[in-house]
Amino acid sequence: MKPFTTSARRLAALVLTAATLATAACSSSATAGGGSGTDPVYFGVSSATTGQYAQYGQQFKEAFDLAVEQVNAAGGINGRPVALKYEDSQSDPKQSVTVAQKFVADKDVVLAFGDYSSAASIPASPIYTSGKLVQYGFNNSNPAFTEKGTEYQWSTSITTTANYQWTADYLKKQGVKSVGVTYLNTADWGIPAFQAFKAEAEKVGLTITDAEGVLDTSDDYRPSLTKAVAGKPEAFVHIGYGPDAAKLVTQLRAIGYQGTFYGGQDEKSFDGTPDAAGSIIAAQFIETSTDPKVKAFVDAFKQKYPNEQHVTLFEATAYDALNVAVAVAKQGGPTREGILKGFGEVKDVPSVIYGSITFDPATRRVQDPRLTPTILKDGKWVEYKTA
Amino acid sequence: MLDTLIAGLLRGNVYALGAVGISLVFGVMNVINFAQFSFFGLGAMLAWFFVAQLGLPFGLALPLVIVICAALGLVINLTVVRPLAQFLPLAAMLSTYAVSQILDNASQIAFTAEFRVFPQVLPTSNLHIGNMRFGTSDLVMLGVTAVVMVAIGAFLKYGKIGQAIRATAQDQEAALQMGIPVGLVQHVAFVIASALGGLAGVFIALYVGVANPTSGLNTGMTAFVAATLGGLGSLLGAVVGGFVLGILEAFGIHFFGDSAREIITFAILILVLIVRPGGLLGKVPLISTEPLTGTFLGKGRPLRVPRWAWPVALVVGGVVIPLVAGDYVLTTGTQVLIYAIIAAGFTVTAGQAGVMALGQAGSIAIGAYASALLTLHSPVSFWAAIPIAGLIAAIISSILASPIWGVKGHYISIATLGVGTVIVAVIRLAVPQGIYGIPMPSWGDTLLATPRAYYLIDFAVLVVTLLVMWRIRGSHLGKVISSVGSDEVAALASGVRVRDYKALAFAVSAFFAGVGGSLLAHQYTYIDPTIFTMLMSLLVVTIVIMGGVSLPYGAVVGAIILIGAMELLRFTPELRIIVYGLVLILVVRFRPGGILVRNS
Chain A
5 MKPFTTSARR
15 LAALVLTAAT
25 LATAACSSSA
35 TAGGGSGTDP
45 VYFGVSSATT
55 GQYAQYGQQF
65 KEAFDLAVEQ
75 VNAAGGINGR
85 PVALKYEDSQ
95 SDPKQSVTVA
105 QKFVADKDVV
115 LAFGDYSSAA
125 SIPASPIYTS
135 GKLVQYGFNN
145 SNPAFTEKGT
155 EYQWSTSITT
165 TANYQWTADY
175 LKKQGVKSVG
185 VTYLNTADWG
195 IPAFQAFKAE
205 AEKVGLTITD
215 AEGVLDTSDD
225 YRPSLTKAVA
235 GKPEAFVHIG
245 YGPDAAKLVT
255 QLRAIGYQGT
265 FYGGQDEKSF
275 DGTPDAAGSI
285 IAAQFIETST
295 DPKVKAFVDA
305 FKQKYPNEQH
315 VTLFEATAYD
325 ALNVAVAVAK
335 QGGPTREGIL
345 KGFGEVKDVP
355 SVIYGSITFD
365 PATRRVQDPR
375 LTPTILKDGK
385 WVEYKTA
Chain B
2 MLDTLIAGLL
12 RGNVYALGAV
22 GISLVFGVMN
32 VINFAQFSFF
42 GLGAMLAWFF
52 VAQLGLPFGL
62 ALPLVIVICA
72 ALGLVINLTV
82 VRPLAQFLPL
92 AAMLSTYAVS
102 QILDNASQIA
112 FTAEFRVFPQ
122 VLPTSNLHIG
132 NMRFGTSDLV
142 MLGVTAVVMV
152 AIGAFLKYGK
162 IGQAIRATAQ
172 DQEAALQMGI
182 PVGLVQHVAF
192 VIASALGGLA
202 GVFIALYVGV
212 ANPTSGLNTG
222 MTAFVAATLG
232 GLGSLLGAVV
242 GGFVLGILEA
252 FGIHFFGDSA
262 REIITFAILI
272 LVLIVRPGGL
282 LGKVPLISTE
292 PLTGTFLGKG
302 RPLRVPRWAW
312 PVALVVGGVV
322 IPLVAGDYVL
332 TTGTQVLIYA
342 IIAAGFTVTA
352 GQAGVMALGQ
362 AGSIAIGAYA
372 SALLTLHSPV
382 SFWAAIPIAG
392 LIAAIISSIL
402 ASPIWGVKGH
412 YISIATLGVG
422 TVIVAVIRLA
432 VPQGIYGIPM
442 PSWGDTLLAT
452 PRAYYLIDFA
462 VLVVTLLVMW
472 RIRGSHLGKV
482 ISSVGSDEVA
492 ALASGVRVRD
502 YKALAFAVSA
512 FFAGVGGSLL
522 AHQYTYIDPT
532 IFTMLMSLLV
542 VTIVIMGGVS
552 LPYGAVVGAI
562 ILIGAMELLR
572 FTPELRIIVY
582 GLVLILVVRF
592 RPGGILVRNS
């Protein structure tokens with residue numbers, strides 16, 4: 005009997021210690037005051053630093069850190085430096101909701117960025133809303149993030165709907181008559197994007213010879229691709245991300261299809277895929293642009309991270325997001341209420357993606373986002389000009 | 002059609018290579034080796050590193066990758082798997098899951114999570130039959146697979162250690178008595194399997210074109226299905242299973258689309274298992290014990306919970322924590338509680354009936370969707386929706402799982418994993434858009450949407466769940482279910498309809514999974530199919546094993562540790578998953594039967 009009771013006691017002690025640790029961890033952050041003077045202004049970042057989406061978490065972090073450095077060198081927010089609190093959610097809703105709660109409870113945090121995927125962002129939204137903390141889903145292209153959200157959800161990402169309507173119009177303008185399509189069969193992204201594309205294609209008279217839903221977790225797309233090109237379409241459209249497009253375009257060429265590929269993403273693995281050369285997409289950010297704002301950002305980024313050969317839309321998105329947040333905090337004041345007010349008021353914030361950003365308060369997204377046709381040449385996206 | 006056939010042959014080749022390693026380890030150790038999946042990703046990343054970064058020729062890089070993977074395999078077997086597999090295959094399986102987490106994340110720290118373009122070492126589209134183009138690269142892969150298979154086949158047939166491997170696979174104890182060094186044999190099998198995993202990883206990357214540290218997971222899973230399809234432990238079966246699955250998948254995708262891939266894969270598997278419960282070439286076991294039963298329960302050192310612990314736990318969990326804790330702890334608490342409910346319900350299946358079902362995510366998803374749709378489109382309230390969601394989950398899961406109860410042992414795990422995956426895949430096809438604006442719970446006009454309210458609701462449901470489980474255990478029904486788990490043959494001989502009781506236990510577990518899913522849906526207010534993953538099913542199983550497989554309250558301890566630890570480890574963001582894996586291994590090492598076990 006004796007060993008049992010001692011081990012039970014040990015277990016009880018363990019549980020108690022764990023509980024104390026947990027409450028201590030929580031209360032220490034909850035008791036900190038609002039702060040003023042030269043205390044830093046804190047923004048929370050909920051993103052994936054480990055797991056399936058860690059690649060994007062790393063890219064965001066590099067750009068955020070660069071932007072924070074620049075903002076602080078230029079005097080911060082009315083003399084107060086900016087600092088970030090990162091929390092890893094693995095882009096998993098089970099963890100993004102606890103991260104949201106952590107930020108809401110931490111009175112120092114005046115704004116939260118994230119999450120990466122809509123499936124992690126949207127479940128966290130009610131927590132941010134009830135905590136009256138603005139959730140800035142700077143990467144959430146799913147229109148539902150803001151449409152189904154409240155005044156506390158804002159985004160500077162262009163919606164998938166707008167992006168692929170533009171693509172259908174552009175194809176028509178280029179004189180393309182028929183396309184084969186693959187799209188990611190995902191609820192939060194691919195399906196709404198494909199529906200927007202299809203509706204627009206019908207409107208402008210672009211024939212879709214065949215459309216195949218695919219999954220980004222698949223590795224072998226050959227069976228879907230042989231079917232999608234069986235009707236001999238003039239061009240091919242893939243509605244998806246970078247890594248899946250890299251696999252897909254390689255296999256599309258391997259099965260012998262030669263038409264132009266409209267798809268992919270400004271993302272490292274796609275940019276580096278030999279068969280991806282010549283792909284055309286609607287770009288928001290062009291690394292090779294001659295815009296002085298873009299040049300300055302790209303140069304500063306490469307100087308800080310000499311190992312990085314490319315600056316993609318992901319870094320640009322995060323860089324812009326931090327600058328927008330700072331502009332918003334300057335406009336409305338570095339408090340939670342001030343941030344909410346600021347989002348509704350800021351105008352013409354300089355942006356490396358859109359030139360300048362002004363929000364449409366009705367949609368809580370960027371007003372008139374511009375898109376430019378770009379083509380992938382030698383691993384870099386350049387503006388595609390047609391005669 | 003010819004195009005599709007060739008595409009199927011090429012993907013089948015990759016599956017076959019992966020399946021052989023899985024089958025080999027299973028044959029000699031009776032352990033499902035999750036770490037094998039990590040070797041796919043690791044092999045690909047190492048090859049990328051050697052060729053693209055260091056500029057080594059592919060001919061040198063390939064053997065290097067194989068040697069490194071083989072050496073790593075030996076280390077893993079020496080330190081983690083074998084010490085546990087000797088007496089508790091299940092604990093060993095849990096530890097291989099931990100090892101795979103560590104390997105994936107170490108590889109991610111070393112190579113970053115980025116998708117890398119895999120160098121083209123051989124032409125990939127210089128040949129063609131009809132419209133279908135393929136390359137020297139594909140031919141070389143097919144050739145290498147053939148050579149490797151013949152070599153391993155010859156080794157097993159004529160080599161001394163090879164023969165010992167076969168003997169060990171047939172009967173470990175008899176082999177030991179005949180003087181076969183079983184330990185050595187297991188090391189050799191593990192090393193070969195790890196090397197093959199690395200090789201398969203390189204081939205996957207060559208075939209697909211890009212790779213990242215976790216990109217082997219999906220192909221690995223399918224290779225695992227292929228091994229089961231062919232008959233676990235049968236090498237020829239693994240090869241046949243790989244090619245059969247590859248070709249059928251290719252035709253299935255051609256006709257039904259890539260979105261139906263998982264449905265096709267598992268439908269094939271379940272059909273084969275219904276007709277041949279031991280796989281295509283495996284032997285149908287005459288008498289087999291479920292992996293969770295018999296000696297497993299007897300081995301653990303029990304940790305008895307004193308009587309006073311119950312009221313204390315009730316007061317601490319139901320009164321002290323909700324009063325003292327902040328919102329962050331309470332929100333973490335809700336996740337712990339919901340998983341505890343699901344896992345406590347799962348102990349009837351895993352612990353009492355002894356069925357290691359792996360597809361709980363399916364039942365959770367049914368509950369979540371049923372509850373969300375009911376409250377959105379009918380006047381049913383949140384409170385009524387919870388039990389209804391549970392019932393619907395129990396009914397649908399039972400119907401879908403009903404054909405598979407003749408399947409035994411590890412095959413039932415894979416078959417139930419299949420059922421769960423198919424459920425989620427069907428939901429993805431039927432309701433592809435996520436569901437938004439699921440109503441939050443309310444009482445009268447009061448909205449109960451604070452973390453404290455969620456916590457208290459979940460806590461109350463957990464208490465009810467534990468009471469129900471306690472009543473079931475004490476009842477005649479519970480004793481019958483337990484008899485099925487502890488000795489199936491004896492139960493059958495005593496006239497117990499074993500199949501029906503397993504199905505009943507599964508239905509009870511599905512009910513609580515559905516309840517848990519409903520609670521999750523109303524707290525997130527948004528659900529889509531990407532939430533209900535295989536990792537969710539694995540988490541439920543891990544919680545149950547961690548807590549002591551047949552103890553409902555053990556599931557609570559398991560949930561606190563496994564979900565709480567993820568949060569507590571936030572102080573070391575980079576190493577979080579690795580430390581998590583180490584903690585898991587240590588717990589399994591020192592309490593292999595679970596934290597709380599009860600002697601049978």
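These protein sequences, in sequence, are chains A and B. If you're matching positions, the first sequence starts at 5 in my numbering and goes up one per residue. If you're matching positions, the second sequence starts at 2 in my numbering and goes up one per residue. Glycine is no exception: its CB is placed at the ideal position from the N, C-alpha and C atoms.
- Task: Please list the partners that Y554 of chain B has in chain A, where partner means a Cβ-to-Cβ separation under 7 Å.
- Result: Those within 7 Å of Y554 of chain B in chain A number zero; the least Cβ separation is about 12 Å.
- Quick one: residues in its chain with C-beta nearer than 6 Å to the C-beta of A99 of chain B, no 5 flanking neighbours on either side, listed in chain order? Here the set comprises G582, L585, I586.
- Query: If contact means a Cβ-Cβ distance below 7 Å, which residues of the stretch 526-543 of chain B contact chain A?
  - Reply: Taking 7 Å as the Cβ-Cβ cut-off against chain A, the residues of the stretch 526-543 of chain B that qualify are T526, Y527, D529, P530, T531, I532.
- Quick one: using the 10 Å Cβ neighbour count with 16 as the cut-off for buried, is S108 of chain B buried or exposed? buried
- Query: Excluding five sequence neighbours on each side, which residues of the same chain lie with their C-beta closer than 8 Å to the C-beta of I596 of chain B?
  - Reply: L304, M547, G548, G549, G555, V558, G559, I562, V588
- For chain A, find out if any of its Cβ atoms is closer than 8 Å to the Cβ of D446 of chain B; answer yes or no. D446 of chain B has a beta carbon lying at 8 Å or more from every beta carbon in chain A.
- Beta bridge counterpart(s) of W385 of chain A as assigned by DSSP: A:L380
- Closer than 7 Å, Cβ to Cβ, to anything on chain A: give me those residues from the stretch 252-272 of chain B, in chain order. I254, H255, G258, D259, S260, R262
- Report yes or no: is there a C-beta of chain A within less than 8 Å of the C-beta of Y456 of chain B? no
- Return the CA-CA distance between I110 of chain B and F267 of chain B, expressed in angstroms with no decimal places. 33 Å
- Query: Along the stretch 107-122 of chain B, what residues have a CB closer than 8 Å to any CB found in chain A?
  - Reply: Q109, T113, A114, E115, F116, R117, V118, Q121
- Message: Quick check: the Cα distance between Y132 of chain A and A354 of chain B, rounded to an integer number of angstroms?
- Response: 43 Å
- On the three-state DSSP scale, how would you describe G199 of chain B? helix
- Task: Quick one: grab the DSSP three-state call for E115 of chain B.
- Result: coil
- Message: My output table needs one value for F117 of chain A: the three-state DSSP class, helix, strand or coil.
- Response: strand
- Touch test, the stretch 367-386 of chain A against the stretch 8-18 of chain B, Cβ-Cβ under 8 Å, three pairs minimum: no
- Message: Considering only DSSP beta bridges, list what L1 of chain B is partnered with.
- Response: Outside the modelled stretch of chain B, which goes from 2 to 601, sits residue 1 of chain B, for which no answer is possible.
- Message: I want to see whether chain A comes within less than 8 Å of Y16 of chain B, judged by CB atoms only; does it?
- Response: no
- Through-space distance from A250 of chain A to S129 of chain A, alpha-carbon basis: 32 Å
- Locate the beta strand (DSSP E) running through A176 of chain B, then write down its first and last residues. Per DSSP, A176 of chain B belongs to no beta strand (DSSP E); it is in the alpha helix (DSSP H), 173-178.
- Message: Distance check for T350 of chain B and S485 of chain B, CA to CA, integer angstroms please.
- Response: For the sequence presented, residue 485 of chain B should be read as Val rather than Ser. Those two C-alpha atoms are separated by around 11 Å.
- Query: Would M470 of chain B be called buried (16 or more neighbouring beta carbons within 10 Å of its own) or exposed?
  - Reply: buried
- With respect to the alpha helix (DSSP H) encompassing E73 of chain A, which residues constitute its N-terminal and C-terminal limits? 58-77
- Determine the DSSP secondary structure at G158 of chain A, reduced to helix, strand or coil. Note that residue 158 of chain A is Trp in the sequence shown, not Gly. The answer is strand: DSSP assigns W158 of chain A an E or B state.
- Can you give the Cα-Cα distance for D501 of chain B and H129 of chain B, rounded to whole angstroms? 53 Å
- Message: Helix, strand or coil for L88 of chain A? Go by DSSP, reduced to three states.
- Response: strand
- Closest by CA to F427 of chain B, which one among B:L463, B:R590, B:S364? Checking the sequence, you will find Val at residue 427 of chain B rather than Phe. Ranking B:L463, B:R590, B:S364 by Cα distance to V427 of chain B puts B:S364 first.
- Message: Please report the straight-line C-alpha distance between V420 of chain B and V316 of chain B, rounded to a whole angstrom.
- Response: Distance between the alpha carbons of V420 of chain B and V316 of chain B: 39 Å.
- Message: Is S126 of chain B close to chain A? Criterion is C-beta to C-beta, closer than 8 Å.
- Response: yes
- Go ahead and pull the three-state DSSP assignment for R590 of chain B. helix
- What beta strand (DSSP E) runs, 3 residues minimum, are completely inside the stretch 131-215 of chain A? 138-140, 182-188
- Message: I'd like to check one pair, G42 of chain B with G217 of chain B: are the Cβ atoms closer than 8 Å?
- Response: yes
- Along the stretch 163-174 of chain B, what residues have a CB closer than 8 Å to any CB found in chain A? none
- Message: If I follow the unbroken beta strand (DSSP E) through H615 of chain B, where does it start and stop?
- Response: With chain B represented from 2 up to 601, any question about residue 615 of chain B goes unanswered, as that position is not in the structure.
- Can at least three beta-carbon pairs, one atom from the stretch 15-27 of chain B and one from the stretch 313-328 of chain A, be found at a separation below 8 Å? no
- Task: Using the Cα positions of I212 of chain A and A371 of chain B, report the straight-line distance between them to the nearest angstrom.
- Result: So the alpha carbons of these two residues sit roughly 35 Å apart.
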